[in-house]
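Down below is the structure, laid out as structure tokens.
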Amino acid sequence: MNKFNSNRRRSAYLSCKRYTLLTGATGLLGSYLMRDLLLKGQRLAVLVRPKGKQQARERIEAILQMWETELQLRLPRPVILVGDVKQTNLGLSEKQTTWVAEFCDEIVHAAAVLTFHGPSRDQEPWATNLDGTKNVVRLANECKIRNLHYVSTAYVCGQRDSVVHESELATGQTFRNDYEQSKYEAECLIQQAEGFESKTIYRPAVIVGDSQTGYTSTYHGLFLYLRLMAMLVPSQEANEDGIIETPIKLPMEGTEPRNLVPIDWVSKAISHLVTTPEAHGRTYHLTPDKCTNAREVIEYCYAYFNSRGVEFCGSESACDLDENDEFARKLFENTDIYSSYETSDPTYDKSNLVQFAGHLACPHIDQEMIFKFLDFGKAQNWGKRRSKPPQVTRWIESHLTEIALAAQKTMSALRISTNERSFHLGLDIYGPGGGQWQLTTIDGKFLVTPGLPDESCPVLKLNDLQINDLLLRDQTESSSDDRQIDWTQPLETVMTPPTG
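For the sequence shown, my numbering gives the first residue as 503, with consecutive numbering after it.
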């Protein structure tokens, strides 16, 4: 492996360690973390693998364009590293690994799979959750990355009846499934890892949809129950008052607390903690201020579907379940995987979270939010609707030399001295097809490096439309339609979406 001691490469560009490497950026939580960290001004690199016919950059572009549509502003683009946490060295090339060692000073490891049971420890969930974490730690040590952030789960506590403290991990607990145990063993690995200045661990409870929009990209947990309700309830007969009858007995009291947390809040809290240095080096329980219970969710579904008929009978022995009831059979068959969670959920201490992120209140899951989840699931056909491919006029990385030459011609407007043999510039291109690079001339030739230079060098911040204008202007300077670009526009203007 390259030991990163090439003076020639180091002299070719200017860098200081200030990028955050994010894994799992295409997952539900990872996609929110990517958005929120970018909004906080973090310089990001994301580890992404191709999927099907989609290249890694297309997967990230599709997610960012979704956020731009919702936020109505253009976002910066992260540096994209093609790789996979399940592979040795995260599947990175020597050149990519060298870049990580030069530019990255922290890792947010959010990649995980929610597979409850695996056939063997060399397959999922172990392959990603445990072995992937081992690979991340090895790469971090090799690249001398000193700050590690790990997204664990509140359920590393296993089956517990007592209060679970943030400072606890190994208490002799037993686990409901391989997912819990694989995450527990991965967190143990993180706790024991050496070579880091700080190791920060985040333990979210059961993540549900977006509290504001209802959005989700996964249909596990609560969304599995809601999807079943949306499928099964309308197929039942309505009584003479138009109310749909869903007679079913559930083996629980219905008041058992459920630790459910909206995805947008989880991401906001983690992003705040990641960007708060004094908060590093601790463990955080990302759990609700007020738990939800099954009776509440059923009541909300009654209101949504205009239905009734669920009976909570306390235990399976008291339920007298009717095996011939098709409605009950389908419900229990599809939710059996979560049965061990239905009658117990721990109480979590969150002292650290309150101290460092107490101002970020966790939204309570109420009727309005459940309606948003149901509406979103219906609109997306419960995950079956295909996502839109990204719309890109041009991938900027294919035009960097043209952009550099055009920018060099206008350097006087930027008040930057330059000559044909010495030129160094950062490019931070927002919007579709954008990215972050630095351009350096060496003996009259351009060297392009991913990532922005340190603060000693100028950085040109433009959006994709301005780049299109720049390229057009350079190609048709004599055109009467030539549009002038204000190179001194503030960032707020750059991020303003186009009208019309």
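All C-beta atoms, glycine included, are put in the ideal place defined by N, C-alpha and C.
**Request:** List the DSSP bridge partners of N965.
**Result:** Y932
**Message:** Measuring only the C-alpha atoms, how far is T676 from L752?
**Reply:** 26 Å
**S809 burial status per 10 Å Cβ neighbour count (16 or more: buried)** = buried
**Item:** Chain-order list of residues whose beta-carbon lies under 8 Å from that of Y717 (same chain, five-residue window excluded)
**Value:** Apart from sequence neighbours up to five positions away, the residues of its chain that approach Y717 with a beta-carbon distance below 8 Å are G711, I765, F878, ordered along the chain.
**Prompt:** How long is the line joining the alpha carbons of C659 and S700, rounded to whole angstroms?
**Reply:** 22 Å
**Prompt:** Just how far apart, CA to CA, sit P960 and D930?
**Reply:** 10 Å
**Request:** Consult DSSP for P892 and reduce its assignment to one of helix, strand or coil.
**Result:** It is coil, neither helix nor strand.
**Prompt:** From this set, D971, K832, V768, which residue's C-alpha is nearest A863's C-alpha?
**Reply:** Closest in alpha carbon position to A863, among D971, K832, V768, is V768.
**Request:** Work out the CA separation of L566 and L573 for me, nearest whole Å.
**Result:** 10 Å
**Item:** Whole-angstrom C-beta distance between D586 and P627, which should lie under 8 Å
**Value:** So it is not a contact: roughly 15 Å between Cβ atoms.
**Asked** So which of A796, A805, F807 has the shortest CA-CA distance to E813?
**Response** A796
**Request:** Confirm, please, whether the CB-CB distance from Y806 to F873 is below 8 Å.
**Result:** yes
**Asked** Straight-line CA distance for L730 to R576?
**Response** 37 Å
**Request:** Find out if the Cβ-Cβ distance for the pair M754, T845 is shorter than 8 Å.
**Result:** yes
**Item:** C606 - containing beta strand (DSSP E), residue span
**Value:** 606 to 611
**Request:** Just the C-alpha distance for K947 and L907, rounded to the nearest angstrom, thanks.
**Result:** 11 Å
**Request:** Leaving aside the five residues before and after L954 along the sequence, list all residues of the same chain whose C-beta is less than 7 Å from its C-beta, in chain order.
**Result:** R545, G928, D930, Q938, Q940, V961
**Prompt:** Do K886 and L734 have their CB atoms nearer than 8 Å?
**Reply:** No. Outside cutoff.
**Asked** According to the neighbour-count rule (16 or more other Cβ atoms, all chains shown, within 10 Å of its Cβ), is E682 buried or exposed?
**Response** buried
**Prompt:** So does the segment 581 to 595 actually touch the segment 634 to 643, counting three or more Cβ pairs closer than 8 Å?
**Reply:** When C-beta atoms of the segment 581 to 595 are compared with those of the segment 634 to 643, three or more pairs fall below 8 Å, so the two segments count as touching.
**Request:** Compute the Euclidean distance between the alpha carbons of I800 and S664, then round it to the nearest angstrom.
**Result:** 27 Å
**Terminal residues of the alpha helix (DSSP H) in which T571 lies** = 558 to 573
**Item:** Cα-Cα separation, R520 to L650
**Value:** 13 Å
**Asked** Given a threshold of 16 other Cβ atoms within 10 Å of its Cβ, counted over all protein chains shown, does L583 qualify as buried or as exposed?
**Response** buried
**Message:** Less than 8 Å between the beta carbons of S773 and L539, yes or no?
**Reply:** yes
**Message:** Taking its Cβ as the centre, do 16 or more other Cβ atoms sit within 10 Å of V550, making it buried, or is it exposed?
**Reply:** It is buried - the Cβ of V550 has at least 16 other Cβ atoms within 10 Å.
**Sheet register partners of H787 (DSSP bridge)** = R705
**Request:** Can you have a look at R510 and say buried or exposed, based on whether 16 or more other CB atoms are within 10 angstroms of its CB?
**Result:** The predicted model places R510 with a pLDDT of 35, which falls under 50 and marks its position as unreliable; any figure quoted below should be read in that light. Exposed, because fewer than 16 other Cβ atoms sit within 10 Å of the Cβ of R510.
**Message:** Taking the beta carbon of S684 as the centre, do at least 16 other beta carbons fall within 10 Å, making it buried, or is it exposed?
**Reply:** With 16 or more other Cβ atoms inside 10 Å of its own Cβ, S684 counts as buried.
**Request:** Using the DSSP secondary-structure output, state which residues sit across from T943 in a beta bridge.
**Result:** F948
**Request:** Put R810 into one of helix, strand or coil per three-state DSSP.
**Result:** Three-state result, R810: strand.
**Asked** For R760, which residues does DSSP report across the bridge?
**Response** BP columns for R760 point to T794.
**Message:** So, under 8 Å CB-CB, T849 and V666 are touching, yes? Tell me the CB distance rounded to an integer number of Å.
**Reply:** 7 Å
**Prompt:** Any idea what DSSP makes of S914, helix, strand or coil?
**Reply:** Legend: pLDDT at S914 = 49, less than 50; position of this residue unreliable, value from coordinates given subsequently. Looking at S914 - three-state DSSP - the assignment turns out to be helix.
**Request:** Report, in whole angstroms, the separation of the C-beta atoms of R648 and G936, which I expect to be a contact under 8 Å.
**Result:** That belief does not hold up - the Cβ atoms of R648 and G936 are roughly 29 Å apart, past 8 Å.
**Prompt:** Hey, out of V548, T630, G816, whose CA is closest to T599's CA?
**Reply:** V548
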